[in-house]
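Asks: Here it is, the structure, as structure tokens.
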């Protein structure tokens, strides 16, 4: 009986892992957005752009990403929702991202590395 219960728990854990696992396309697109944000920060800081310009550039990256998600017919409804939620999280974090980028720029004497 204990063995049967253990098998049931293992099956449930495996099912939950599969349910919550990200699909390859979600992983790829999430990484793309993260890389685009990082590259935008580095490019903006290397060009000595203002904080307002950096903020606008980051918002543009996120807006473009959302449009790409909405226009991607390969994504399932749930995948689209996950990606848009991730983009919203990043959008809500722009203030923190800009503050961090500004601190990095100050601490590096204006030199940032890509």
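Numbering (the numbering used here), first residue to last: 1 to 114. The beta-carbon is built from N, C-alpha and C at its ideal position, and this holds for glycine as well.
Check for me: the alpha helix (DSSP H) holding residue 85 runs from which residue to which?
Replies: As a first step, residue 85 is located in the chain shown; it is residue number 85 there, counting from the start. Its alpha helix (DSSP H) spans residues 77-92.
Asks: For my contact list, residue 55 and residue 94 are in at a C-beta cut-off of 8 Å; report their separation, rounded to the angstrom.
Replies: Position 55 of the chain shown holds residue 55. Position 94 of the chain shown holds residue 94. 6 Å between Cβ atoms; contact.
Asks: Using a threshold of 9 Å, state whether the C-beta atoms of residue 27 and residue 40 are closer than that.
Replies: Within the chain shown, residue 27 is the residue found at index 27, counting from 1. Within the chain shown, residue 40 is the residue found at index 40, counting from 1. Not a contact, by the Cβ cut-off of 9 Å.
Asks: Would you kindly work out how many angstroms separate the C-alpha atoms of residue 116 and residue 87, rounded to a whole number?
Replies: Since the displayed the chain opens at 1 and closes at 114, residue 116 lies outside it and no answer follows.
Asks: Give me the Cα-Cα distance between residue 42 and residue 97, rounded to the nearest whole angstrom.
Replies: By 1-based counting over the chain shown, the position of residue 42 is 42. By 1-based counting over the chain shown, the position of residue 97 is 97. Distance between the alpha carbons of residue 42 and residue 97 is about 12 Å.
Asks: Whole angstroms are fine: how far does the CA of residue 76 sit from the CA of residue 91?
Replies: In the chain shown, residue 91 corresponds to position 91, counting from 1. In the chain shown, residue 76 corresponds to position 76, counting from 1. Roughly 22 Å separates the two Cα atoms.
Asks: Rounded to whole angstroms, what's the CA-CA distance from residue 113 to residue 45? Just pull it up for me.
Replies: For this step, residue 113 is matched to residue 113 along the chain shown. For this step, residue 45 is matched to residue 45 along the chain shown. For residue 113, the pLDDT reaches just 49, beneath the cut-off of 50, and the residue's location in the model is therefore unreliable, leaving the point undetermined.
Asks: Can you tell me whether residue 22 is helix, strand or coil according to DSSP?
Replies: The count along the chain shown starts at 1 and reaches residue 22 at position 22. Here residue 22 sits in coil by DSSP.
Asks: How is residue 68 classed by DSSP in three states: helix, strand or coil?
Replies: As a first step, residue 68 must be located in the chain shown, where it is residue number 68. Reduced to three states, the DSSP call for residue 68 is helix.
Asks: Going by C-alpha to C-alpha distance, which of 71, 81 and 48 sits closest to residue 104?
Replies: Indexing the chain shown from 1 puts residue 104 at position 104. Of 71, 81 and 48, the residue nearest in Cα terms is 48.
Asks: Does residue 85 pass the burial test, meaning 16 or more other C-beta atoms within 10 Å, or should it be called exposed?
Replies: The residue you call residue 85 lines up with position 85 of the chain shown. That one is exposed.
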